[in-house]
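Okay, structure first, notes after.
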């Protein structure tokens, strides 16, 4: 289990102990130096220590005069994803996250995560899954297993790999099984529950929440298998200043005949066996938190209802076409397909 605190070292530590700590790190051999209040002072690597020893400094000397005093860092509530990506390109893979007092509260590690997306994730996991009965008669659909792992866990693990730590599961049917399975989270992942008393659609339950940490919300159905690049999806959402972004799946329709274009019975042309591309809703959205206030309370309400309302209010709703792997595990044939393909999906 990864604990970011293994990258933290007190300023009064000896060079000898610092070398030991660095050696114990599995990857990314860098330590961040802190004072007694856990405030970030600098960084130190084995190269810094080696240069100190070459100057005939004692191995028992503290690291106080050895560490680099200007490490890259981000404040927890103002993480600039584009700058984070720039650091990744510069091969700076471990970056501390600090609070307003500059105390380290987390450390982002590119060897463990693909990105660090500043979103809360809500996973809709309250449906009955009636089309998968009798499998769902006594087990909620999100916990049905594919390749020895629950469907919903493929979803969560993919999103976690992009540095997301806050999850909310919207539950209803057989909710105690889901709560018992995940509890409150683990390995620095926080999991909370939005408990519906009655079905509230794919987004209606969000009105029951008031303490989302971030201004942007990632909402997804629980029964989706996908290798979506969530970082690229988020960047597209930000760059377009969207109110809502929805992942869409291209679906091609081939007309096996020549299509005649007419106006007032006059033939204008013939298009031979044309292919038309339509875009289907993938059930994955990014939404600005402020729009939750537009969802009616205690009502059945779908994400598509909110999208139509935002469009009517002249909000900016965009499509994010996705051609990678995506499968809605809603019917027995989908479940069988998922079991056959799970080992070939490049998550």
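In our numbering, the protein residues as written are 16 to 362. For each residue, glycine too, the CB sits at the ideal point set by N, CA and C. Treat the numbers as computed from the prediction; the structure is a model and nothing was measured.
How many angstroms separate the CA atom of residue i from the CA atom of residue j?
i, j, result
"residue 53", "residue 25", "8 Å"
"residue 202", "residue 133", "18 Å"
"residue 196", "residue 64", "46 Å"
"residue 140", "residue 187", "7 Å"
"residue 346", "residue 237", "14 Å"
"residue 318", "residue 106", "39 Å"
"residue 227", "residue 88", "24 Å"
"residue 301", "residue 261", "7 Å"
"residue 102", "residue 45", "15 Å"
"residue 215", "residue 303", "20 Å"
"residue 253", "residue 172", "23 Å"
"residue 85", "residue 42", "22 Å"
"residue 334", "residue 248", "10 Å"
"residue 360", "residue 177", "17 Å"
"residue 213", "residue 165", "24 Å"
"residue 283", "residue 297", "36 Å"
"residue 50", "residue 92", "22 Å"
"residue 39", "residue 33", "10 Å"
"residue 314", "residue 61", "59 Å"
"residue 362", "residue 72", "48 Å"
"residue 143", "residue 312", "22 Å"
"residue 20", "residue 28", "15 Å"
"residue 4", "residue 104", "There is simply no residue 4 to check, as the chain begins at 16 and stops at 362 in what is shown."
"residue 116", "residue 18", "21 Å"
"residue 80", "residue 35", "18 Å"
"residue 135", "residue 76", "44 Å"
"residue 151", "residue 290", "38 Å"
"residue 211", "residue 280", "56 Å"
Could you give the C-beta distance for residue i and residue j, rounded to a whole number, given that I count them as a contact under 8 Å?
i, j, result
"residue 185", "residue 145", "Actually they do not touch by this definition, with Cβ atoms about 18 Å apart."
"residue 30", "residue 67", "6 Å"
"residue 229", "residue 122", "No, residue 229 and residue 122 are not in contact; Cβ-Cβ is about 19 Å, not under 8 Å."
"residue 161", "residue 353", "5 Å"
"residue 443", "residue 288", "Residue 443 lies beyond the range of the chain shown here (16 to 362); nothing can be said about it."
"residue 170", "residue 235", "6 Å"
"residue 183", "residue 200", "In fact, because the Cβ distance is near 11 Å, the residues do not count as touching under 8 Å."
"residue 180", "residue 204", "6 Å"
"residue 147", "residue 350", "6 Å"
Determine, using beta carbons only, whether residue i and residue j come nearer to each other than 9 Å.
i, j, result
"residue 232", "residue 245", "no"
"residue 128", "residue 175", "yes"
"residue 263", "residue 295", "yes"
"residue 97", "residue 250", "yes"
"residue 137", "residue 209", "yes"
"residue 190", "residue 155", "yes"
"residue 90", "residue 109", "no"
"residue 240", "residue 344", "yes"
"residue 340", "residue 356", "yes"
Between which two residues does the alpha helix (DSSP H) carrying residue i extend?
i, result
"residue 171", "166-175"
"residue 252", "245-254"
"residue 110", "Segment 109-113 is the beta strand (DSSP E) holding residue 110; no alpha helix (DSSP H) there."
"residue 347", "347-356"
"residue 195", "190-197"
"residue 97", "96-104"
What does a CB cutoff of less than 7 Å around residue i pick up in its chain, not counting 5 residues either side in sequence?
i, result
"residue 48", "24, 26, 56, 57, 58, 59, 78, 82"
"residue 265", "292, 294, 336, 338"
"residue 256", "331"
"residue 224", "183, 209"
"residue 120", "91, 112, 113, 114"
"residue 316", "215, 216, 218, 219, 310"
"residue 308", "none"
Between which residues of its own chain and residue i is the CB-CB distance below 8 Å, once the five residues before and five after are set aside?
i, result
"residue 306", "258, 259, 321, 325, 330"
"residue 192", "154, 155, 158"
"residue 94", "112, 131, 133"
"residue 285", "273, 274, 275, 276"
"residue 358", "162"
Go to residue i, then tell me how far its beta strand (DSSP E) extends in each direction, as first and last residue.
i, result
"residue 57", "55-59"
"residue 326", "No beta strand (DSSP E) holds residue 326; the alpha helix (DSSP H) holding it covers 318-327."
"residue 364", "The question about residue 364 has no answer here: the residues shown for the chain are numbered 16 through 362."
"residue 276", "273-278"
"residue 2", "Residue coverage of the chain in this structure runs from 16 to 362, which leaves residue 2 outside it and unanswerable."
"residue 83", "Element bounds for residue 83: n/a, residue is neither H nor E."
"residue 183", "181-186"
"residue 341", "341-343"
"residue 236", "231-236"
"residue 261", "259-269"
"residue 206", "205-210"
"residue 50", "Element bounds for residue 50: n/a, residue is neither H nor E."
"residue 298", "290-303"
"residue 25", "23-25"
"residue 135", "135-139"
So, at 6 Å on beta carbons, what are the nonlocal neighbours of residue i in its own chain, with the 5 sequence-adjacent residues on each side left out?
i, result
"residue 118", "53, 54"
"residue 74", "30, 31"
What do you reckon, is the C-beta of residue i under 8 Å from a heavy atom of the ligand COA?
i, result
"residue 47", "Ligands displayed in this structure: none; no statement on the ligand COA is therefore possible."
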